[in-house]
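Residue numbers (our numbering): -3 to 99.
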């Protein structure tokens, strides 16, 4: 997956989370039907967030945003980004010193 595609996916997920907050579906008690929230269950963002337990179905049948799961997903993404940056920087430094030592 390219960086642009990943950015689009993350943006769509953030938009869905903002929408669920806007309509007040933020707990099992305030869960609402997808049709009343105008949310497409077949959208890629919805399915990804459902798989990660960020969007959950309440016993009433309505859907809601699990804020704790959303924060956990965001924290994991930050950790992965930091790891990737660290790997790139360390790799760059190793390449630099390897070429400098061979001169």
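Every residue gets a Cβ at the ideal spot worked out from N, C-alpha and C, and that includes glycine.
Straight-line Cα distance separating residue j from residue i
i          : j          : result
residue 69 : residue 48 : 8 Å
residue 94 : residue 73 : 31 Å
residue 37 : residue 20 : 18 Å
residue 11 : residue 99 : 52 Å
residue 51 : residue 61 : 5 Å
residue 83 : residue 33 : 42 Å
residue 67 : residue 92 : 37 Å
residue 97 : residue 53 : 59 Å
residue 56 : residue 35 : 17 Å
Residue of the options minimising C-alpha distance to residue i
i          : options      : result
residue 63 : 24, 0, -2    : 24
residue 42 : 73, 7, 71    : 7
residue 39 : 56, 9, 2, 73 : 9
residue 58 : 31, 87, 88   : 31
Residue i at chain D interface by Cβ criterion, 8 Å
i          : result
residue 78 : No chain D appears in this structure, which consists of one protein chain only.
Residue i, buried or exposed, once every other Cβ within 10 Å from all chains shown has been counted against 16
i          : result
residue 13 : buried
residue 80 : exposed
residue 45 : buried
residue 16 : buried
Boundaries (first-last residue) of the beta strand (DSSP E) holding residue i
i          : result
residue 51 : 51 to 53
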